[in-house]
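Chemist:
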Amino acid sequence: MADLDTFREETRAWLEANCPAEMRQPVRDEEDVYWGGRKATFKNDAQKAWFDACVEKGYTVPAWPKEYGGAGLSAAEAKILRQEMAAINARPPLSSFGIWMLGPALLQFGTEGQKQRFLNEIARGEIRWCQGYSEPGSGSDLVSMQTFGEDKGDHWQVSGQKIWTSYADQADWIFCLVRTDKANKYQGITFMLFDMESEGVTTKPILLISGNSPFCETFFDEVSVPKSYGDDCPGQVGEVNRGWDVAKYLLGHEREMISGAGGGGLTSAIGAAMQRHAHKDGGQLDPILRADLAMFDVDALAYAAMGEKFLDEMKAGKGHPAQPNMMKYVGTELNKRRHELMMSAGGSRSLEWESEETSGGKPSRNWLRTKANSIEGGTSEVMLNVVSKRILDLPGA
Amino acid sequence: MPLYHDEDQAMLADSAAQFMSEEGAIAKQLRHWRDTGCKDGFGHDLWKQFAEMGFTGILVGEDDGGMGMGNVEAGIVLEQIGRNLTPSPFLTSSVMAATALNNGSAELRGRYVPGLLSGDSVFAVAIDEGAKHRPEQIATKAEKSGNGFKLSGQKDFVIHGASADMIVVAARTSGADNDADGITLFAVPKDATGLDQEAVKLVDSSVATHMKLDGVELDGDAVIGEVDGGREVLNKVLNAGRIGAAAEGCGVAGGAMDMTVDYLKQRKQFGKLIGEFQALQHRAAHLYSEVEIARAVTIKAGQLLDGGSEQADLMVSVAKAKVAKAAGLAVKEGVQMHGGIGMTDEYDIGLYMKRDRALQEFLGDAYYHAERVAQLSGY
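Chains L and V, in that order, give the protein sequences.
All letters in the first sequence, in the order written, are residues 1 to 397 by our numbering.
All letters in the second sequence, in the order written, are residues 1001 to 1379 by our numbering.
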């Protein structure tokens, strides 16, 4: 315990010395997030200073081993770091699908050579990854995917189409599910890694109801994917034709990530903030809206406790393996409800689509964005299917 | 502190689960006492067994012969009580009255704690003065009289009041009815002159009283804590009682849910197990989520309370409100998914619905606590 107290003291002092004031404000939108990669630029000096300090300390990926760019923190230490960062509202120094998804997959399934190369690149923010999963005909039923990689000896020739590829137009590399055996549904998929600058890769942003385009269609036309990137560094994660195991593992992580994004800080209580907005506008919350906000706050604060319990149990290996599905379901539904309430509290101001006051229609665009929360990464309905089958053990299809 | 039970707590949970499912089972206790028209609504022999298990003194300090544990541990026992609908005076005696006595004089503890530890005594707590829980407004008066006090007023929803050897009564020693200050807690013996209780059986077969205090004379040493300083102790008693009721509610919710999910795996209609129908699967999965979250926030709030956190008041109310919603959903879905037999007295699911309803009302329902969450959050 004394060691952890010391760690907390040191962490607090380190954050005090290294986290600039500008980085101690809530993330308002995508521009406040540093994603890294070959095309990345920093929004300001403070963002760069904070990022550099964290890379140096291993705090872009604190729980990863030091040899892969992390700080090698224990679960208890990582929790303390999260708490101390939250206490000063410190922004994440680096956000990326590499950290959230590919990294955990490599830690679980990667070779030593892959870990050395790719994890360090992710930790230092050098390569920005995107994820190639969904296809136009394969959404909830992901395993029906058709993108095919033909075996050409030292490489695969990949052709097909992915959809909902987050930031594919800004990503450097992709981790991608590719069918390598048409006769075998589950054991005929390979989890490939390749450069988005490869010949035959094109991306096309999709305009969403929010007016933004965070997702792309991604086309592969006879893309050559090497089977090896050097010594002990194969072009696929896990074994050939066993990519579904990696994908399933990662879907679990994605569900945690989405439930984390919808939970924790973001869905903590909002009633007090809504009341302040109402006062600023010279008014009061409608009594029934106030009541709805109070009921929301009860659910949000209870869910935050669930999030903490979920993480504690995961780390101790105690939680049900299908529990992320429950978290994802509740977290995303809660986040949608949160934005509905914020729209109502904001009134006509929150309808503004382009005004300066709303920073270009943030309230309405964010509200619309949340509608995807319960669709992407497995719909709420799929989550409920999984909970009913795997946790409640209910019978049937 | 992680939000799951440590080894000692897991052992306590195991022994409480085994004890309650065997000795405290529905057929053996709740139905038995209900169907024999017991005036107490619970069995004194079982209460003695609670004492033998060490449960009655779970919150009593070790110096006073208790187990010196916290609200998380009391919650572990209460969750099993809820799961088995075990009627007992545990919540009012071992959680609420014990919390009050822990803040009382050594003399007072010496008078009442031994009976609690041995299971010979039952205690109740009298707070409400109307059909809704409004502890902010206490009108019952305690006027100085000789060396002591004279109590006048009326109390409602005094659970186990008629069975209790001592009742903790919150009364006003100064100020106006809705003042925060000016409250004093008294340990009122059951045979005090001027104390009159009318027992009423409730929907869940528990027994509460309408209590009249008509100039009840008490010595000064009946005061628990400080004169006029009872609000602080009362808040402790309320927090302990509320998180305890939340923990019991988690057990009610879990018991009702498990019984219902089992039923979905047995009942056939249209040539299928009804649990194969997605319409029911999704509702069951949603219910599971709500119950899990209710349990998480109950442990969290218990830990905050035991740790003396400033957030405890807020999170206890979050827990009480969340459990009320989750348990309410569990029993309503339970009866509906059981179909016709869910409406029969023979089947236990309806007993869960009744218990949940009483527990929701006890120490503030979801509306009361959501309002409190808003106020404590500053809106």
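All C-beta atoms, glycine included, are put in the ideal place defined by N, C-alpha and C.
A quick note: this is a predicted structure, and the numbers were derived from the prediction, not measured.
Chain V partners of L:Tyr303, CB-CB under 7 Å?
Modeler: Within the first sequence, residue 303 of chain L is the residue found at index 303, counting from 1. Going along chain V in sequence order, the residues near L:Tyr303 (Cβ under 7 Å) are Ile1293.
Chemist: Check for me: the alpha helix (DSSP H) holding L:Phe118 runs from which residue to which?
Modeler: What you label residue 118 of chain L is simply residue 118 of the first sequence in a count that begins at 1. That residue, L:Phe118, is in no alpha helix (DSSP H); it is neither H nor E in DSSP.
Chemist: Quick one: which chain V residues come within Cβ less than 7 Å of L:Pro395?
Modeler: In the first sequence, counting from the first residue as 1, residue 395 of chain L sits at position 395. Under the 7 Å cutoff, chain V gives Lys1265, Leu1273, Gly1275 and Glu1276.
Chemist: Return the CA-CA distance between L:Gln146 and L:Ala13, expressed in angstroms with no decimal places.
Modeler: Taking the first residue of the first sequence as position 1, residue 146 of chain L is located at position 146. Taking the first residue of the first sequence as position 1, residue 13 of chain L is located at position 13. Taking the straight line from one Cα to the other gives about 52 Å.
Chemist: Measuring only between beta-carbons, confirm whether L:Phe310 sits less than 9 Å from chain V.
Modeler: Mapped onto the first sequence, residue 310 of chain L falls at position 310. Closer than 9 Å: yes.
Chemist: Cβ closer than 9 Å: which chain V residues qualify as neighbours of L:Leu341?
Modeler: Taking the first sequence and counting its residues from 1, the one referred to as residue 341 of chain L is at position 341. Ordered by position in chain V, no residue passes the 9 Å Cβ test against L:Leu341, which lies about 13 Å from the chain.
Chemist: Tell me where the alpha helix (DSSP H) around V:Pro1114 begins and ends.
Modeler: Translated into positions along the second sequence, residue 1114 of chain V becomes position 114. That run of the alpha helix (DSSP H) goes Ala1106 to Ser1118.
Chemist: Going by the CB atoms, is the gap between V:Ala1319 and V:Ile1224 shorter than 9 Å?
Modeler: Counted from its first residue, the second sequence places residue 1224 of chain V at position 224. Counted from its first residue, the second sequence places residue 1319 of chain V at position 319. Contact flag unset, no.
Chemist: Just to confirm the assignment, what range does the beta strand (DSSP E) spanning L:Pro226 have?
Modeler: As a position in the first sequence, residue 226 of chain L is number 226, starting the count at 1. From DSSP, the beta strand (DSSP E) with L:Pro226 extends over Phe215 to Pro226.
Chemist: So that I know if they touch, is there some Cβ in chain V lying closer than 9 Å to that of L:Asn385?
Modeler: Within the first sequence, numbered from 1, the residue matching residue 385 of chain L stands at position 385. Output row for L:Asn385: interface = yes.
Chemist: State yes or no: is the beta carbon of V:Gln1281 nearer than 9 Å to at least one beta carbon in chain L?
Modeler: Position 281 of the second sequence, counted from the start, is the residue given in the question as residue 1281 of chain V. By this cut-off, V:Gln1281 is an interface position.
Chemist: Could you tell me the distance, in whole angstroms, from the CA atom of L:Leu285 to the CA atom of L:Ser96?
Modeler: On the first sequence, position 285 is the one that residue 285 of chain L refers to. On the first sequence, position 96 is the one that residue 96 of chain L refers to. If I take the Cα positions, the gap works out to 38 Å.
Chemist: Grab me the residues of V:Ala1164's own chain with a C-beta within less than 7 Å of its C-beta, minus the 5 sequence neighbours each way, in chain order.
Modeler: In the second sequence, counting from the first residue as 1, residue 1164 of chain V sits at position 164. Val1122, Phe1123, Ala1124 and Lys1190, listed in sequence order.
Chemist: Indicate whether at least one CB of chain V lies closer than 9 Å to the CB of L:Tyr359.
Modeler: To locate residue 359 of chain L, count along the first sequence from 1; it is residue 359. Residue identity check: residue 359 of chain L is Ser in the sequence provided, not Tyr. Not one chain V Cβ lies under 9 Å of L:Ser359.
Chemist: Go to V:Gly1255, then tell me how far its alpha helix (DSSP H) extends in each direction, as first and last residue.
Modeler: What you label residue 1255 of chain V is simply residue 255 of the second sequence in a count that begins at 1. V:Gly1255 -> alpha helix (DSSP H) spans Gly1230 to Leu1264.
Chemist: List the endpoints of the continuous beta strand (DSSP E) containing V:Cys1038.
Modeler: In the second sequence, residue 1038 of chain V corresponds to position 38, counting from 1. Segment: none, V:Cys1038 is in no beta strand (DSSP E) and carries neither H nor E.
Chemist: Would you mind working out which of L:Tyr229, L:Asp3 and L:Ala294 sits nearest L:Ser268, comparing C-alpha positions?
Modeler: For the purposes of this step, residue 268 of chain L is identified with residue 268 of the first sequence, where counting begins at 1. With distances taken between Cα atoms, L:Ser268 lies closest to L:Ala294.
Chemist: Does L:Gly262 pass the burial test, meaning 16 or more other C-beta atoms within 10 Å, or should it be called exposed?
Modeler: In the first sequence, counting from the first residue as 1, residue 262 of chain L sits at position 262. Its pLDDT being 41, under 50, L:Gly262 is placed unreliably by the model, and nothing is read from it.
Chemist: Within 8 Å, do at least three Cβ pairs link the segment 318–337 of chain L to the segment 376–389 of chain L?
Modeler: Touching, yes.
Chemist: Leaving aside the five residues before and after V:Tyr1368 along the sequence, list all residues of the same chain whose C-beta is less than 7 Å from its C-beta, in chain order.
Modeler: What you label residue 1368 of chain V is simply residue 368 of the second sequence in a count that begins at 1. His1133.
Chemist: With a threshold of 7 Å on Cβ separation, who are the neighbours of V:Gly1182 within its own chain once the five nearest residues in sequence on each side are excluded?
Modeler: For the purposes of this step, residue 1182 of chain V is taken as residue 182 along the second sequence, with counting starting at 1. These residues qualify, in order along the chain: Arg1172, Thr1173, Ser1174, Gly1175 and Asp1228.
Chemist: Can you tell me which of the three DSSP states L:Gly149 falls into?
Modeler: For the purposes of this step, residue 149 of chain L is identified with residue 149 of the first sequence, where counting begins at 1. Of the three classes helix, strand and coil, the one that applies to L:Gly149 here is strand, per DSSP.
Chemist: Roughly how many whole angstroms lie between the Cα atoms of L:Gln157 and L:Glu199?
Modeler: Within the first sequence, numbered from 1, the residue matching residue 157 of chain L stands at position 157. Within the first sequence, numbered from 1, the residue matching residue 199 of chain L stands at position 199. Straight-line Cα distance between these residues: approximately 11 Å.
Chemist: Which one or two residues does DSSP pair with L:Gly429 in a beta bridge?
Modeler: A query on residue 429 of chain L cannot be resolved here, the shown segment of chain L reaching from 1 to 397 and no further.
Chemist: Quick check on L:Leu208: does DSSP put it in helix, strand or coil?
Modeler: For this step, residue 208 of chain L is matched to residue 208 along the first sequence. L:Leu208 falls in the coil class under three-state DSSP.
Chemist: Taking Cβ positions only, does V:Ala1301 come closer than 9 Å to chain L?
Modeler: Against the second sequence, residue 1301 of chain V aligns to sequence position 301. It does; some Cβ of chain L falls within 9 Å.
Chemist: Quick one: what does DSSP say L:Lys79 is sitting in, helix, strand or coil?
Modeler: Taking the first residue of the first sequence as position 1, residue 79 of chain L is located at position 79. Note: L:Lys79 maps to helix in three-state DSSP.
Chemist: Which residues does DSSP list as the beta-bridge partners of L:Trp173?
Modeler: The sequence position of residue 173 of chain L within the first sequence is 173, counting from 1. L:Trp173 is bridged to L:Trp129 and L:Asp195.
Chemist: Exposed or buried, which one is V:Ala1131 when buried takes at least 16 other CB atoms within 10 Å?
Modeler: Locating residue 1131 of chain V in the second sequence gives position 131, counting from the first residue. Burial call: exposed.
Chemist: Drop a sphere of 10 angstroms on the beta-carbon of V:Tyr1379, count the other beta-carbons inside from all chains shown, and report buried for 16 or more, exposed for fewer.
Modeler: Position 379 of the second sequence, counted from the first residue, corresponds to residue 1379 of chain V. Looking at its Cβ environment, which holds 16 or more other Cβ atoms inside 10 Å, V:Tyr1379 is buried.
Chemist: Are there 16 or more other CB atoms within 10 angstroms of the CB of V:Glu1136, so buried, or fewer, so exposed?
Modeler: Within the second sequence, the letter at position 136 stands for residue 1136 of chain V. Its Cβ having fewer than 16 others within 10 Å, V:Glu1136 is exposed.
Chemist: Report yes or no: do the segment 1351–1362 of chain V and the segment 1320–1333 of chain V share at least 3 C-beta pairs separated by less than 8 Å?
Modeler: They touch, by the three-pair rule.
Chemist: Assuming the contact rule is C-beta atoms closer than 8 Å, L:Gly188 and L:Asp181 should be a hit. Round their C-beta distance to whole Å, please.
Modeler: Here residue 188 of chain L is taken as the residue at index 188 of the first sequence, counted from 1. Here residue 181 of chain L is taken as the residue at index 181 of the first sequence, counted from 1. So it is a contact: roughly 3 Å between Cβ atoms.
Chemist: Please state if the CB of V:Gly1251 and the CB of V:Glu1079 are separated by a distance shorter than 9 Å.
Modeler: As a first step, residue 1079 of chain V is located in the second sequence; it is residue number 79 there, counting from the start. As a first step, residue 1251 of chain V is located in the second sequence; it is residue number 251 there, counting from the start. Contact: yes.
Chemist: So what does DSSP say about V:Gly1350, is it helix, strand or coil?
Modeler: Position 350 of the second sequence holds residue 1350 of chain V. Note: V:Gly1350 maps to helix in three-state DSSP.
Chemist: Is it the case that the Cβ atoms of L:Phe296 and L:Leu341 are separated by a distance below 9 Å?
Modeler: Along the first sequence, one-based indexing puts residue 296 of chain L at 296. Along the first sequence, one-based indexing puts residue 341 of chain L at 341. Yes. Within cutoff.
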